[in-house]
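Chains as they are written, first to last, in this note's numbering: chain U, 166 to 407; chain V, 57 to 278; chain P, -14 to 246.
Backbone N, C-alpha and C define an ideal beta-carbon position, used for all residues, glycine too.
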């Protein structure tokens, strides 16, 4: 499990958290649960945007967070590609420049080329010079994905990636991401409350509630054999929501 | 028309802007994001010159600059001259009374950028300085422009503090606002009227230019 | 804008503004009582013609200048309307010497054109105007720090009018502002320096008459070179005592040392 992502977080105050899981390279894990279940907080803790009280986060052999050892790498030093729920694109920069900002490890002369290639990979060729306000919601989401991949991240993190687009666009984006995923070597963590996202994109599933993992396992196992009535109800709610 | 006073005032305004705005950018940025406990007190302190009468600010500055106070003594020892009734003293006073005019619009602008873009920048691996330079400054630009214009225009118009710490020494501390006052007392209403009109036009032009620029920026990111 | 360009702009602007702020040449700042507003401006012009040297004049109330000089204001010479201020500065060791008496000032009543008040130096008409309600506002300089204001108060007390007029007084920050108030048309008159009343700019706006010297303490005006005075200030100090300057001062109603009215 050296090459993958391992997460263990524990705290009582503010937002209660008690989670532990690991994701192998190339594997996708979905965190599912109602709002306030701690799934986004967990994702932010992995990205380095949230500092949990106790625990350990390691990715691809590097320790990002270890409360016992006093290690807490800031977000900019963690190779984590994060797609924000609202995308958080830089509004004054073009699609190309948004991606180029995240390419700061790439030599200056090849950045433009690399960013153009990334945008082509998410089917945005021809829209490089548009600013976010000139792009549709789906197009913005693809820029956000391209930007998250630009750092050549050791883990890809997606926070409700389709919540801001309509049903049709959502289906299309989901299909594209599933395709894209096949070539991605890193572990992926997906926060969602939509079971369709889970079945289409994830290999494994964690059901969270009030900061705790109620059940985890392969998607089909958890979906067909929920461990308790509470989990069945939560999954049901998620299905209704979608 | 007292051109000496006019250029002295422009110089005072220009230097105030050049020295104060970079500091206001750092302060405004810090205040916009900090969750420090004493933040409200710091903000209140910085806003004080806005609500205090110029005579109160002038009085304290006069005391602090004087050769009786440690600050005045220190300055005298360092630079071999006193602060009161000198251009340097006037500049220092101008920097202090303009703090809220510079910091507040800039702080509001950084607050409007919001924490999410800062997080996005961090997660893209951008350093603090690069985030400030590439993301926050371009987005906060209208606020910085407003702070700059307010500071400059306010320096042109400041009277009470200048009168108290500057006196009215031609070529040293006589700003255009003071020159107008002096000309009125010398029954020279023609010159006073001329200078008042020039001051009015310069202030109007400065503010109009900033509005035009802000509008253009607004269209660009819209 | 690239960071280099912004930095260059910043440094350039700073470089442009700084040297201009530095003072060049020996052009001393001279603090003068407001009653000298017109007389001293003429003297400075004559001084420039005679010597080619310039001075920078700042006019204000003597009491304010006294305080400012005590705090280290960079004046090289001080012409006070009241010799007491000069003597106190000398005691504090801030002056080059004891100073020199350069003039004795007179006060005058001024009334704007169309005022219901007459320009009567004995203040009799002022008393009558207070009785019959013609007087609404009357301007003098602030007696607390302006010597001409203090003498105006003495004259009003001497005439027995102080208690009656107190509520109608407007105070100028210095005697020049008091004259401006008196003649702006917003007051019916005022008591100010005669030297101001005699200036053409002021005389054109109304009428004036000197108040008898017996009604107040004399305004002994003393000038002094301050610590650090340079060559130009010294020359100006001597020039004040030469015939050309004395003639100008006389024209503005000052009584000069060694002369009587």
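Please confirm whether residue i has its beta-carbon closer than 8 angstroms to some beta-carbon of chain V.
i, result
"residue 99 of chain P", "no"
"residue 267 of chain U", "yes"
"residue 350 of chain U", "no"
"residue 226 of chain P", "no"
"residue 79 of chain P", "no"
"residue 214 of chain U", "yes"
"residue 6 of chain P", "In this prediction, residue 6 of chain P has a pLDDT of 42, which is less than 50 and means its spatial position is unreliable; what the coordinates show is noted afterwards. Output row for residue 6 of chain P: interface = yes."
"residue 251 of chain U", "yes"
"residue 41 of chain P", "yes"
"residue 312 of chain U", "yes"
"residue 255 of chain U", "yes"
Rounded to the nearest angstrom, how far is the Cβ of residue i from that of residue j, given a contact under 8 angstroms?
i, j, result
"residue 372 of chain U", "residue 198 of chain U", "6 angstroms"
"residue 334 of chain U", "residue 296 of chain U", "Actually they are not in contact, since the Cβ atoms of residue 334 of chain U and residue 296 of chain U sit about 20 angstroms apart, beyond 8 angstroms."
"residue 156 of chain P", "residue 127 of chain P", "4 angstroms"
"residue 212 of chain V", "residue 255 of chain V", "6 angstroms"
"residue 215 of chain P", "residue 13 of chain P", "6 angstroms"
"residue 227 of chain U", "residue 366 of chain U", "About 26 angstroms separates the two Cβ atoms, so there is no contact after all."
"residue 36 of chain P", "residue 235 of chain P", "Contact flag wrong, Cβ pair sits at about 21 angstroms."
Measure the CB-CB distance between residue i and residue j and report whether it falls below 8 angstroms.
i, j, result
"residue 62 of chain P", "residue 211 of chain P", "yes"
"residue 22 of chain P", "residue 242 of chain V", "yes"
"residue 103 of chain P", "residue 96 of chain P", "yes"
"residue 308 of chain U", "residue 263 of chain U", "yes"
"residue 427 of chain U", "residue 171 of chain U", "One cannot answer for residue 427 of chain U here, as it falls past the ends of chain U, which runs 166 to 407."
"residue 324 of chain U", "residue 208 of chain U", "yes"
"residue 208 of chain P", "residue 136 of chain P", "no"
"residue 43 of chain P", "residue 223 of chain V", "yes"
"residue 284 of chain U", "residue 261 of chain U", "yes"
"residue 305 of chain U", "residue 349 of chain U", "no"
"residue 237 of chain P", "residue 24 of chain P", "yes"
"residue 217 of chain P", "residue 38 of chain P", "yes"
"residue 161 of chain P", "residue 181 of chain P", "yes"
"residue 169 of chain U", "residue 189 of chain U", "yes"
"residue 296 of chain P", "residue 81 of chain P", "No answer is possible for residue 296 of chain P: it lies beyond the span of chain P, which begins at -14 and ends at 246."
"residue 98 of chain P", "residue 205 of chain P", "no"
"residue 138 of chain V", "residue 216 of chain V", "no"
"residue 166 of chain V", "residue 84 of chain V", "yes"
"residue 68 of chain V", "residue 148 of chain V", "no"
"residue 76 of chain V", "residue 196 of chain V", "no"
"residue 188 of chain P", "residue 175 of chain P", "no"
"residue 238 of chain U", "residue 213 of chain U", "yes"
"residue 112 of chain P", "residue 144 of chain P", "yes"
Taking the continuous alpha helix (DSSP H) assigned at residue i, which residues delimit it?
i, result
"residue 162 of chain V", "155 to 179"
"residue 237 of chain V", "232 to 241"
"residue 74 of chain P", "68 to 76"
"residue 60 of chain V", "59 to 89"
"residue 28 of chain P", "24 to 36"
"residue 116 of chain V", "110 to 121"
"residue 212 of chain U", "204 to 212"
"residue 133 of chain P", "132 to 143"
"residue 291 of chain U", "Careful: residue 291 of chain U lies outside any alpha helix (DSSP H) and carries neither H nor E."
Does residue i get closer than 8 angstroms to chain U when you measure Cβ to Cβ?
i, result
"residue 191 of chain V", "yes"
"residue 195 of chain V", "yes"
"residue 125 of chain V", "no"
"residue 147 of chain V", "no"
"residue 182 of chain V", "yes"
So the beta strand (DSSP E) residue i belongs to, where does it begin and stop?
i, result
"residue 245 of chain U", "245 to 248"
"residue 219 of chain U", "219 to 224"
"residue 229 of chain U", "227 to 231"
Determine, using beta carbons only, whether residue i comes closer than 8 angstroms to chain P.
i, result
"residue 131 of chain V", "no"
"residue 140 of chain V", "yes"
"residue 216 of chain V", "no"
"residue 203 of chain V", "no"
"residue 199 of chain V", "no"
"residue 122 of chain V", "yes"
In the segment 221 to 254 of chain V, which residues sit with their C-beta less than 8 angstroms from some C-beta in chain P, listed in chain order? 223, 224, 225, 226, 227, 228, 230, 238, 240, 241, 242, 243, 244
Using a Cβ cut-off of 9 angstroms, which residues of the segment 78 to 91 of chain V contact any Cβ in chain P, in chain order? Within the segment 78 to 91 of chain V, 78 place their CB atoms closer than 9 angstroms to a CB of chain P, listed in sequence order.
Residues of the segment 139 to 170 of chain P in Cβ contact with chain V at a cutoff of 7 angstroms, in chain order, please. 161, 162, 165
Within 7 angstroms of chain V by C-beta, residues of the segment 172 to 184 of chain U in sequence order: none
Of all the residues that make up the segment 236 to 251 of chain U, which are near chain V by a beta-carbon distance shorter than 9 angstroms? 239, 240, 241, 242, 243, 244, 245, 246, 247, 249, 251
What are the residues of the segment 54 to 71 of chain P that lie near chain V, defined by any Cβ-Cβ distance shorter than 7 angstroms? 56, 57, 58, 59
Going along the segment 156 to 179 of chain V in order, which residues come within less than 7 angstroms of chain U, judged by CB to CB distance? Correct list: 172, 173, 175, 176, 178, 179.
Within 7 angstroms of chain V by C-beta, residues of the segment 312 to 336 of chain U in sequence order: Shown in chain order are the members of the segment 312 to 336 of chain U whose Cβ falls below 7 angstroms from a Cβ of chain V: 312, 316.
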